[in-house]
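For reference, the structure is listed below as structure tokens.
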Amino acid sequence: MGKGWAAFLVGLVMILGGSWLAARIQTDGGITVQDVRFPGAAGEMMSGLLYIPQTATPTARAPGVLAVHGYINSRETQDGFAIEFARRGYVVLAMDQTGHGYSGGAAFSSGFGGPAGLKYLRSLPMVDTANIGLEGHSMGGWTILAAAAARPSDYRAMVLEGSSTGKPFAADGTRTWPRNLEVVFSRYDEFSKIMWGVDRAQDVTRSEKLKAVFGTDRSLVPGRIYGTIADGTARRLETPVTTHPGDHVSTQAIGHALDWFAVTLKPVTPRSNGDQIWYWKEIGTGVALLGFVALILGTFDLLLAMPLFAPLRRPPTGPGSGPSMGWIATTALVPILTLFPAFIAVTLFIKPSVLLPQTINNQVIAWALVNTALTALFSVRSKAPAGRPADLARTALLAGLVTGVGALSLIAVDQLFKVDFRFWVVALKLPDAAQLRIMLSYFPPLLLFFWVSLEALCRRLPGTSAPYATAVAALAGGFALFLALDYGIFFLTGYLPTSFDPLTTVVAIQFLPLMSFVAGLAVLGWKRTGSAAPGALLAALLVTWYVVAGTATHVL
972 MGKGWAAFLV
982 GLVMILGGSW
992 LAARIQTDGG
1002 ITVQDVRFPG
1012 AAGEMMSGLL
1022 YIPQTATPTA
1032 RAPGVLAVHG
1042 YINSRETQDG
1052 FAIEFARRGY
1062 VVLAMDQTGH
1072 GYSGGAAFSS
1082 GFGGPAGLKY
1092 LRSLPMVDTA
1102 NIGLEGHSMG
1112 GWTILAAAAA
1122 RPSDYRAMVL
1132 EGSSTGKPFA
1142 ADGTRTWPRN
1152 LEVVFSRYDE
1162 FSKIMWGVDR
1172 AQDVTRSEKL
1182 KAVFGTDRSL
1192 VPGRIYGTIA
1202 DGTARRLETP
1212 VTTHPGDHVS
1222 TQAIGHALDW
1232 FAVTLKPVTP
1242 RSNGDQIWYW
1252 KEIGTGVALL
1262 GFVALILGTF
1272 DLLLAMPLFA
1282 PLRRPPTGPG
1292 SGPSMGWIAT
1302 TALVPILTLF
1312 PAFIAVTLFI
1322 KPSVLLPQTI
1332 NNQVIAWALV
1342 NTALTALFSV
1352 RSKAPAGRPA
1362 DLARTALLAG
1372 LVTGVGALSL
1382 IAVDQLFKVD
1392 FRFWVVALKL
1402 PDAAQLRIML
1412 SYFPPLLLFF
1422 WVSLEALCRR
1432 LPGTSAPYAT
1442 AVAALAGGFA
1452 LFLALDYGIF
1462 FLTGYLPTSF
1472 DPLTTVVAIQ
1482 FLPLMSFVAG
1492 LAVLGWKRTG
1502 SAAPGALLAA
1512 LLVTWYVVAG
1522 TATHVL
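In my numbering, the protein residues as written are 972 to 1527.
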């Protein structure tokens, strides 16, 4: 069996096995998971995953929980919370905010979709409308606060995970609103200044803003209940040891939410906080994500062995010149040095439009174009030999077919198991029709970036003894170094060096696995064809799919 068949079959087994495991975990104990749609406040179509325990029926109604993800995430990001709530007997609606996932409307509109989500949850015949809990992470917290403000009598308790009351996106909290509030704010939350006005998340107990919500002028004591559950004034602060995005994969953070609803809502299926299995779903979809990578690489090899693509098969020419200091600076250090300036410039000066409707991806392409120009400048000065000219038609067809096989694998697991490919903040989702149209706008600049960058990279590969290690160091090494330094200082001191832009800091985490994957595509394409074109086209297609389907749309 050739390497192509081995990678393809291993990838297929990993996809099916990991997805089966994930599905088994999210349906533990007879829970059913349904993909639902419901109307939004402005007529947009909203999306959600509905988790229904087998004990919840119209004649035995169960408490309900509205669970909402944060900015540039989706309904599946809340699966740890949703699975554990459902295992304890709650009916859970994990919804997509407006402009996220498969929900219509623009991001930030219609109270982020929160009021519509709460209305829909209350309309379900198996839900006890006297026992509704709201749980939201980050911007999802502002979503459930919008729901609480619009429908103040329609919920009983709330958990804000890594989120806050108050400006700019929520009403100010008081000692009586919102009702029965738990704040779960991690000790290494990157957004402490934005949320609660403190420079270090560890100092949230001394936040004047938070103390006002708790109705005290003294430093808060984590774990202590302030106020009274019976009259809706109860408050509690919990500070798990994790980061802002780490809330999603923290048994502590999830456990605190479970405990709060256990004491503020009608008791259902009793389970200890330590009885959590959600992480097996995370492992399952993570295995499937790695399987997707193997499937893509194996499919590339298998298709390249077909007679149609025989003209593309050729070993790389060389030897190349190998890496130099200028090359290392361009390919490894400059990308991370330009990340924050490019992202901040777009935030300040470029608004989303009908043509380019996604703010995060406008930042990504601005960064990509800056680095395209810098890489081209260094490449002009380089004496490394170029690869052979690409057969563009065959190369484009090859990249399209490989991407199509990957898409079919995701369609299959979505239909069979109601899961996608993800691990923590790295998630590959099926695009909907609107996102497919948006991809057409973002594909050309990303294609230009990868073509120029991988051409410059591949000129150096023949002169190296470890091409993949060289490629990873070039494309992802700068991000690895930045994250190690930034978070190393953060964990040692409690102060995040890049606290001036915590969102870009969190987004940078995704660059590390993404660019490592692109390195693999580049090396495989170069080894098999002697050209950077196959890797560049594949990278542009897959990365455009990844970034467009996985972020927020701000303009319709």
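Glycine included, C-beta positions come from ideal geometry on N, C-alpha and C.
All values derive from a computational prediction rather than experimental measurement.
query: Outcome for SER1407 when other beta-carbon atoms lying within 10 angstroms are tallied against a minimum of 16; result: Note that residue 1407 corresponds to Leu in the displayed sequence, not to Ser. Answer is exposed; the Cβ neighbour count stays below 16.
query: Which of helix, strand or coil DSSP assigns to LEU1095; result: coil
query: Length of the line joining the Cα atoms of ASP1006 and ALA1117; result: 23 Å
query: Length-filtered (3 minimum) beta strand (DSSP E) runs lying within the segment 1150-1209; result: 1152-1155, 1206-1209
query: Exposure of GLN1068, with buried meaning 16 or more beta-carbon neighbours within 10 Å; result: buried
query: Near the ligand GDP: GLY1186 beta-carbon under 7 Å from a heavy atom; result: Of the ligands one can find in the structure shown there are none, so the ligand GDP has no counterpart to examine.
query: Residues near LYS1090 in its chain [Cβ-Cβ closer than 6 Å; skip 5 each side]; result: none
query: Cβ neighbours of ALA1281 in the same chain (closer than 8 Å, five flanking residues each side left out); result: none
query: Pick from LEU1304, ALA1427, PHE1471 that is closest to LYS1164, judged by C-alpha positions; result: PHE1471
query: Straight-line Cα distance separating ALA1316 from LEU968; result: Coverage of the chain is limited to positions 972 through 1527, which leaves residue 968 absent and any answer about it impossible.
query: Per-residue DSSP class, three states only, for ILE1103; result: strand
query: Own chain, CB closer than 6 Å to GLN1025, minus 5 neighbours either side, in chain order; result: GLY1001
query: Contacts around LYS1182, its chain only, beta-carbon distance under 7 Å, and the 5 residues preceding and following it disregarded; result: ASP1188, LEU1191
query: Nonlocal neighbours in the same chain, by C-beta distance under 8 Å from GLY1070, ignoring five residues either side; result: GLY1076, ALA1077, ALA1078, PHE1079, SER1080, ALA1523, THR1524, HIS1525
query: Span of the alpha helix (DSSP H), counted from its first residue to its last, around TYR1250; result: 1249-1275
query: Beta-ladder partner(s) of MET1017, from DSSP; result: PHE1009
query: Limits of the alpha helix (DSSP H) - the one that ARG1365 falls within; result: 1363-1388
query: Backbone CA spacing between SER1557 and LEU1260 [nearest angstrom]; result: The structure shown does not extend to residue 1557, since the chain spans only 972 to 1527, so no value can be given for it.
query: Supposed contact pair ILE1200 and VAL1234 - C-beta distance, whole angstroms, cut 8 Å; result: 7 Å
query: Bridge partners - MET1129, DSSP secondary structure assignment; result: LEU1105, LEU1152
query: Option in ILE1103, GLY1085, GLY1465, PRO1193 with minimal Cα separation from MET959; result: Absent from the structure is residue 959, since the part of the chain shown begins at 972 and ends at 1527.
query: Pair within 8 Å by beta-carbon distance, GLY1019 and MET1110; result: no
query: Environment of TRP976 [buried if 16+ CB atoms lie within 10 Å]; result: exposed
query: Close Cβ partners of ILE986 (< 7 Å) along its chain, the five nearest in sequence each way excluded; result: ALA1259, GLY1262, PHE1263, LEU1266, SER1380, VAL1384
query: Chain-order list of residues whose beta-carbon lies under 6 Å from that of SER1424 (same chain, five-residue window excluded); result: THR1346
query: Nearest neighbour of ARG1032, chosen from HIS1215, THR1240, LEU1131, GLU1047 [CA to CA]; result: THR1240
query: Cβ neighbours of VAL1305 in the same chain (closer than 7 Å, five flanking residues each side left out); result: ASN1342, LEU1345
query: Check whether PHE1462 and ALA1479 have beta carbons under 8 Å apart; result: no
query: Residue environment, ALA1065, which counts as buried when at least 16 other CB atoms sit within 10 Å; result: buried
query: Nearest-angstrom Cα separation, counted from TRP1338 out to ALA1444; result: 19 Å
query: Among ARG1284, PRO1149, LEU992, nearest to LYS1389 - alpha-carbon criterion; result: LEU992
query: Supposed close pair GLU1047, ASP1391 - CB separation, criterion 8 Å; result: 6 Å
query: Same chain only: Cβ atoms within 6 Å of ILE1054, ignoring 5 sequence neighbours per side; result: GLN997, TRP1249
query: Rounded straight-line distance, which links the Cα of LEU1283 to that of LEU1368; result: 12 Å
query: Endpoints, the alpha helix (DSSP H) within which ALA1117 is located; result: 1110-1121
query: Close Cβ partners of GLY1496 (< 6 Å) along its chain, the five nearest in sequence each way excluded; result: PRO1505, GLY1506
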